[in-house]
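Offset between the sequence shown (1-based) and our numbering: plus 876.
Notes follow the structure.
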Amino acid sequence: MEPIASLLSILPFPQIDPVLIAIGPLQIHWYGLAYVAGILLGWFYARRIVRNDTLWGGKAPITEVDLDDFLLWVAVGIVGGGRIGYILFYDLPSVIANPLRAFEIWNGGMSFHGGLIGTILAMLIFARKRSIPIWSLFDVVAAVVPIGLLFGRLANFINGELWGRLSSMPWAIVFPTGGPFARHPSQLYEASLEGIVLLLVLAFLIYRRHALRKPGLVAGVFITGYGLARIFVEFFREPDAQIGYLAGGWLTMGMLLSLPMVGLGLWAILRARRAASLLGSRL
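In structure tokens, the structure reads:
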């Protein structure tokens, strides 16, 4: 157990107003801006990917027009799925007690796992309507998701939410809503691993290893990488107060939801490699 005295104050939380711009009753929050920036920058990067036929070994199976039309679909999938997922995974009892709470998005939370499910459903429907190879669409979306994760976790940090467990590390921070003790800035850990590191790994696979020529490979690496990164950071992140630890004083809901992602991602990687090998043997 770390000495209490060493946890009292290490780094003060930077005073950043969660509201970026306020014009009368209109307020633009960093968190909302993070969602918009993540979606738009992800869309811009995705357009660059589908424009580069060299990455695909031929004409890309997805057009820029497809991506333009998919923008609204993915926004609905992220926000709708993220909100529903948070309610189901983290806040169901309070919503059952007060159903109107489900619509209080300014007080509620968003779940990445719920947003992922919502985005997958949007991709499945959109790909079928447009006759787009679903695994290729999975790959393009997976390649750009880390951009949104990076901005989202930085916004979590600015809001002073989803902070980590008690820590005496030199970079530990005293958060305004986290009590008087210093804590791990777990939002920055996630921004680094789920955002920057995963983005660079996927870009390397796409631009150096031509991973898009093996449909499903990029998606598999993303799902596996996110699952592993999230499980790792959960050891430093304070569990949601309304749930706490699920078992053993260490198992969290985030771990439980991320563990299947690792298995699913590994399956997608093996499937993509096997399919590419079979295709190569037939040529």
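Glycine included, every Cβ here is placed at the ideal spot set by N, Cα and C.
Going by beta carbon distance, what residues of the same chain come within less than 7 Å of residue i, once the five residues before and after it are set aside?
i	result
Ile1008	Pro937, Ile938 and Asp942
Leu1146	none
His1086	Leu931 and Gly933
How would you call residue i, buried or exposed, if buried means at least 16 neighbouring beta carbons within 10 angstroms?
i	result
Trp1011	buried
Phe920	exposed
Ala1048	buried
Val1109	buried
Leu902	exposed
Trp1039	buried
Ala898	exposed
Leu884	Caution is warranted here: a pLDDT of 49 is assigned to Leu884, below 50, making its placement in the model unreliable, and no coordinate value can be reported.
Met877	Bear in mind that a pLDDT of 45 at Met877, under 50, signals an unreliable position, so the number given afterwards is only what the model happens to contain. Flag for Met877 reads exposed.
Are the Cβ atoms of residue i and residue j separated by less than 8 Å?
i	j	result
Leu1161	Phe1112	Nothing about residue 1161 can be reported from this structure: the residues present for the chain run from 877 to 1159 only.
Gly1036	Phe1051	yes
Val952	Ala998	yes
Pro838	Ala1148	Shown here, the chain extends from 877 to 1159; a query on residue 838 therefore has no answer.
Pro894	His905	yes
Leu1074	Pro1022	yes
His989	Phe965	yes
Arg1059	Ser1043	yes
Val1077	Gly1103	no
Val1020	Ala922	yes
Arg959	Met986	yes
Run through DSSP, which three-state label would residue i get?
i	result
His1060	coil
Ile1049	strand
Leu1104	helix
Ile1072	helix
Pro888	strand
Leu1026	helix
Ile1145	helix
Leu883	The pLDDT assigned to Leu883 is 48, lower than 50, so where the model puts this residue is not dependable; a value taken from the coordinates is nonetheless given after this. DSSP places Leu883 in helix when its eight states are reduced to three.
What does a CB cutoff of less than 8 Å around residue i pick up in its chain, not counting 5 residues either side in sequence?
i	result
Ala913	Phe1027
Leu1154	none
Leu1164	The requested residue 1164 does not occur in the structure, where the chain is confined to residues 877 to 1159.
Leu1127	Tyr1121
For residue i, I'd like the list of residues in its chain whose CB is within less than 6 Å of its CB, leaving aside the five on either flank, ordered along the chain.
i	result
Ala1018	Val1094, Ala1095 and Phe1098
Just to confirm the assignment: which complete alpha helix (DSSP H) runs, minimum length 4, are found wholly within the segment 925-985? 929-932, 940-966 and 968-973
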